[in-house]
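K.L.:
Protein chains in written order, with our numbering: chain A, 1 to 315; chain B, 316 to 632. For every residue, glycine included, the Cβ atom is placed at its ideal position computed from N, Cα and C.
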Amino acid sequence: MDYVIETTNLTKCFGALTAVNKLNLKVQKNTIHGFLGPNGAGKTTTIKILVGLLRPSEGSVKVLGQEVQVDNADSRLGIGFMPELPKFPKHLKGAELLDIYGRMFGMTKEQRAQQIPRLIDLVGLKGRENDLVGKYSKGMQQRIGIAQALLNNPELVILDEPSIGLDPVGMVEVRELVKTISKEGITVFLSSHLLFEVEQICDHVTIINKGSVLASDTLQNVSGMISESPMIHIELVDLTNEIIAAVKKLPFVTGTWKTGATLIIQVNTREDARSKVSKEVTGAGGVIIGMSQKTSNLEDAFIQLVTKDQGGKAQ
Amino acid sequence: MTSIRVHPSWFTRFWAIVRYQMLWNIRKKMFIAALIIAFALATVNLAVPAFLKIGQNPYFAVTFSAGNLTFFLFAIVTSMNSISGEYESGTIVPLLTKPVSRTMVFVGKLFAGFIVILVSYIVIFSYSTIGGIIVYGPQNNLYLVPLTLLGDIVSTFIWAAIVLAAASISKNSLLSLITALGVLIALLIGVSVVGQLSDNPGIVNGVNYLPGTGATGTMNVTLGHSVTVANVTINPATSISTGTDSIGANIVKAILFPNASVLFYHTNAFSPTLAPNLLYTEPISLIALRAIGVAFLYIAVFLLIAWFAFKKSQILE
Chain A
1 MDYVIETTNL
11 TKCFGALTAV
21 NKLNLKVQKN
31 TIHGFLGPNG
41 AGKTTTIKIL
51 VGLLRPSEGS
61 VKVLGQEVQV
71 DNADSRLGIG
81 FMPELPKFPK
91 HLKGAELLDI
101 YGRMFGMTKE
111 QRAQQIPRLI
121 DLVGLKGREN
131 DLVGKYSKGM
141 QQRIGIAQAL
151 LNNPELVILD
161 EPSIGLDPVG
171 MVEVRELVKT
181 ISKEGITVFL
191 SSHLLFEVEQ
201 ICDHVTIINK
211 GSVLASDTLQ
221 NVSGMISESP
231 MIHIELVDLT
241 NEIIAAVKKL
251 PFVTGTWKTG
261 ATLIIQVNTR
271 EDARSKVSKE
281 VTGAGGVIIG
291 MSQKTSNLED
301 AFIQLVTKDQ
311 GGKAQ
Chain B
316 MTSIRVHPSW
326 FTRFWAIVRY
336 QMLWNIRKKM
346 FIAALIIAFA
356 LATVNLAVPA
366 FLKIGQNPYF
376 AVTFSAGNLT
386 FFLFAIVTSM
396 NSISGEYESG
406 TIVPLLTKPV
416 SRTMVFVGKL
426 FAGFIVILVS
436 YIVIFSYSTI
446 GGIIVYGPQN
456 NLYLVPLTLL
466 GDIVSTFIWA
476 AIVLAAASIS
486 KNSLLSLITA
496 LGVLIALLIG
506 VSVVGQLSDN
516 PGIVNGVNYL
526 PGTGATGTMN
536 VTLGHSVTVA
546 NVTINPATSI
556 STGTDSIGAN
566 IVKAILFPNA
576 SVLFYHTNAF
586 SPTLAPNLLY
596 TEPISLIALR
606 AIGVAFLYIA
616 VFLLIAWFAF
626 KKSQILE
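In C-alpha cells:
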C-alpha cells in the first residue's frame, strides 16, 4: 500500500514530558485523513516533526517516501503546509508573499504568474492581494495560509486546524476547498478540533491521546469501533452527581460521560428511552434544556476512546 | 492540475531568501531612521571643518568614514530581528517549512544585510565625496574611497555578527540589542580607561584585539601630506584610532603613507603637565592588517555561534 506519511515508533520528549510516544501513523495516498486528539495530545508536535520543524527524540518519519530531517530541504518540495493560526511577514503584500514562497519552491516566472492569481481567487482574496499581510484580518491570514500551502501543487497538504479564525461561511468554504483539492489527487492530512468538520470531509481518521494512537482507520470503522448502542445526549442547566447517580440506576444504561453540563448516556436498548431518562433526571432535580438520541458517530467514538484512555471511563 | 514541481537550484532558493530579507530590511522604520542619522553625521563631518574656517582639504573624501555609531546602527537594523524576529512573530514556521535549509536561510539573510549595508554606504560615501568636493575643493586619491567603504562594511559586520549571535541564542530581539549595546558601552569605557590609566605597552596594545575603537596613537606622517590653508595646518591622518572601527581609514593611510609609523604615548592623567611617555611604536601597515585579521576573526566566531544556534534550534512557537 502507498503511504504518504509513515512514522515508526515516533517519540518526542521535551525534558521529562513525552509529547509523542511511540507513534505509529500511516496515511494512505489520495485520502483526506483527519488527525484528532484532545488539547495536548501531541497533534501539533507530530505535525511539526512531519514538516521538519522539530527533531524526533526517537523513531523514524517518512513523508512522500523520503526520510524527514530538519535540514533535508528537498523533503519539503512536495509538501504544502498550513500551520495553526499562521503568521506571515507583515512587510510583504499578499501576492508578494506568494511570489517569494513560489521562488523558494523553484517555480518559474510563468508558473508563478499563472498560479498566484488562481490561488488568490480560490481563497477569496481577490482585490486584496496588494495589501500588506500586516493589514489582513485573522481570517484573511488563514486564507493566504491556505493559498501558500497549495502554491507548489503539492502531493501532500498538511493543514493544522484550518478553520480556526474563519467565520461560518469561511469554514464551509475551507471544507469545500479541501474536497476540491482532494479530487485533484492531493492527499490531505488535516488536524482539527471540529469533529463535525472531520466527519464531513475525511475518509480516514487517526485519534491520538498522550502522544499515542488510539484508533486509526477509515472514518466508518473508527465511528463503529465503539458499541453501536444508541447514545442519549442531555443538555442540562446544571449537571450534579445526584442526576448521574439517578440515571445510572436505570437498567438499560450501560455508561455515562460528562462533558461540561452535558450528560452522555449509552443505552443497550433500541427503543426510544428518552422519556424514562427525562423522568429520572427531573426527579433528581435536573432541568433539561435539550435531549437527543443518536447512534454512535465519530464524536461518540472520540469521546469514548479518549475518556477510556484517560482512565475516566464510565462515571 | 499540472505538476509544477521541479528541483530548484540552490541559487534560486538562496536568492528568494535574499529578496525576502532585503524587502524586510528596507521596509523597516528603523532603517529609514538609521539612514537619516548616518546622513546627519556625514553632514556634521562636512560642516564642522568648514565652520572652523578650513576652506580646502584635498584629503577630506579619502579619510571620510561613516563612523562607529553608523556601524552600530546599521548592524542593529540589519541583524537585530532578522532571525529572532522570525521566532517572535511566528513567521519562522511558514519559512522553514519551505524547501530551504536553515543554512541557506542564515546565509541568505546575512547576504541581504550585506547588500543593504553596501548600497546604503555607497549612497552615504557618494554624498560625502560630492559634498567634500563642493565644500573643500578638488579631492586627491578618490580611487581609494571604495576601500574605506569596504573597510567600514567589515567594521559594521563585527557588530552585525555580535547582534546575530545574541539574537540566535536568545531568540529575543530586544535582548540582542541590549547585549550588543552593553558590549559597545563596556568596550568604549574600558578602552578609554585603559588609555588614560595604563602605561603598560602590552595592555594598551591589547585593546587592539577587541572589537571597537582600539588604542589611540599619533601618526608620524611625511610632512608633505599636511595641508596649510589660511594659516591653519591640518593633517587629517595624524591622530588615529587603531581598532577594528577604523579599518577603512587605516588601510587608506597605509597606502598613502606606507612608511609611516604610529606612536603610542601615555599621558599621566594625574599630572598632565608631565611630558607624555612613549610606550611603543608600530607601522601603520601592521595596524591596518592586524585590525583586518582581528575583525575577520570576530566575524567568523560570532557568525559561527549564530549559525550553530539557529541550525540546532527547535521551533516550539
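1. Are the region 556-571 of chain B and the region 602-620 of chain B touching by the rule of at least three beta carbon pairs closer than 8 Å?
2. Spatial neighbours of B/Leu492 within its chain, please: CB distance less than 8 Å, with the 5 preceding and 5 following residues excluded, ordered by chain position.
3. Kindly give me the distance between the Cβ atoms of B/Ala575 and B/Thr557, rounded to whole angstroms, as I take these residues to be in contact under 8 Å.
4. For B/Ile630 and chain A, any beta-carbon pair shorter than 8 Å?
5. Residues of chain B with a CB under 7 Å from the CB of A/His91: which are they?
6. Where are the alpha helix (DSSP H) runs, 4 residues long or more, that stay fully inside the region 104-169 of chain A, in chain order?
7. Which whole runs of the alpha helix (DSSP H) in the region 277-315 of chain A are 4 residues long or more, in chain order?
8. Which residue wins for smallest C-alpha separation from B/Ala354, given the options B/Phe386, B/Gln371 and B/Ala331?
9. Against chain B, which members of the region 103-114 of chain A pass a CB distance test of less than 7 Å?
10. Assign B/Ser324 to buried or exposed, taking buried as 16 or more other Cβ atoms, counted over all protein chains shown, within 10 Å of its Cβ.
11. So, helix, strand or coil for B/Asp467, using DSSP?
12. In three-state terms, what does DSSP make of A/Gly80?
13. Would you decide whether A/Val169 is buried or exposed? Buried here means 16 or more other CB atoms lie within 10 Å of its CB.
14. With a threshold of 8 Å between beta-carbons, can B/Thr463 be considered close to chain A, or not?
15. So, helix, strand or coil for A/Ile208, using DSSP?
16. So with Cβ pairs under 8 Å, would you call B/Ala545 a contact of chain A?
17. Smallest Cα separation from B/Thr393: which of B/Phe375, B/Phe379, B/Ala362 and B/Leu433?
18. Using a Cβ distance threshold of 8 Å, determine whether the region 8-21 of chain A contacts the region 151-169 of chain A, with at least three qualifying pairs required.
19. Are any of the Cβ atoms in chain A nearer than 8 Å to that of B/Lys368?
20. Among B/Ala476, B/Leu489, B/Thr553 and B/Ile500, which has the Cα closest to the Cα of B/Leu610?
21. Less than 8 Å between the C-beta atoms of A/Gln293 and A/Arg274, yes or no?
22. Can you say whether A/Val237 is buried or exposed, counting buried as having 16 or more other CB atoms within 10 angstroms of its CB?
23. In terms of residue numbering, what span does the alpha helix (DSSP H) encompassing B/Gly521 cover?
24. By the DSSP assignment, the alpha helix (DSSP H) with A/Ser223 in it spans what residues?
25. Just to confirm my understanding: we take B/Tyr451, look at its own chain, exclude 5 residues before and 5 after, and list those with CB closer than 6 Å. What are they?
26. Do you know offhand how far B/Lys423's Cα is from B/Ile407's?
27. Going by DSSP in three states, B/Ser554 sits in which element: helix, strand or coil?
28. Please report the residue range of the beta strand (DSSP E) in which B/Met345 lies.
29. What does the alpha-carbon distance come out to for the pair A/Met231 and A/Leu151?
30. Which residues in chain B sit within 8 Å of A/Phe88, going by Cβ to Cβ distance?
31. What residue from A/Phe189, A/Glu67, A/Arg76 and A/Gly127 has the CA that sits closest to A/Gln28's CA?
32. Rounded to whole angstroms, what's the CA-CA distance from A/Val267 to A/Glu96? Just pull it up for me.
33. Going along chain B, which residues have a C-beta under 8 Å from A/Tyr136?
34. Alpha carbon to alpha carbon, what distance is there between B/Thr553 and B/Val547?
35. The alpha helix (DSSP H) with A/Ile232 in it runs from where to where?
36. Please list, in chain order, the chain A residues whose beta carbon lies closer than 8 Å to that of B/Val412.
P.N.:
In short, the structure shows the following:
1. yes
2. Ile391, Met395 and Val478
3. With a Cβ gap of about 12 Å, B/Ala575 and B/Thr557 do not count as contacting.
4. yes
5. Leu338, Trp339 and Arg342
6. 109-122 and 138-150
7. 298-309
8. The question names Ala, but residue 354 of chain B is Phe in the sequence shown. Of the listed residues, the one whose Cα sits closest to B/Phe354 is B/Phe386.
9. Arg103, Met104, Phe105, Gly106, Met107 and Gln111
10. exposed
11. helix
12. strand
13. exposed
14. no
15. strand
16. Note that B/Ala545 scores 48 on pLDDT, short of 50, meaning its location in the model is unreliable; the coordinates nonetheless yield the value given after this. Taking Cβ atoms only, chain A never reaches closer than 8 Å to B/Ala545, which makes this a no.
17. B/Leu433
18. no
19. no
20. Note on residue identity: the sequence assigns Ala, not Leu, to residue 610 of chain B. Comparing Cα positions, the closest option is B/Ala476.
21. yes
22. exposed
23. Pro516 to Gly521
24. Leu219 to Ser223
25. Gln371, Asn372 and Phe375
26. Note that residue 423 of chain B corresponds to Gly in the displayed sequence, not to Lys. Rounded to the nearest angstrom, the two C-alpha atoms are 14 Å apart.
27. strand
28. First-last for B/Met345: Lys344 to Phe366, but that is the alpha helix (DSSP H), not the beta strand (DSSP E).
29. 43 Å
30. Thr406 and Pro409
31. A/Phe189
32. 57 Å
33. Chain B residues near A/Tyr136: none, gap ~13 Å exceeds 8 Å.
34. Model confidence at B/Val547 stands at a pLDDT of 48, short of 50, so the residue's coordinates are unreliable; what they give is reported in the following sentence. Rounded to the nearest angstrom, the two C-alpha atoms are 15 Å apart.
35. Not the alpha helix (DSSP H): A/Ile232 falls in the beta strand (DSSP E), residues Met231 to Leu236.
36. The sequence shown places Thr at residue 412 of chain B, not Val. Near B/Thr412 (Cβ distances below 8 Å), the residues of chain A are Val51, Gly52, Leu53, Arg76, Ile79, Phe81 and Pro83.
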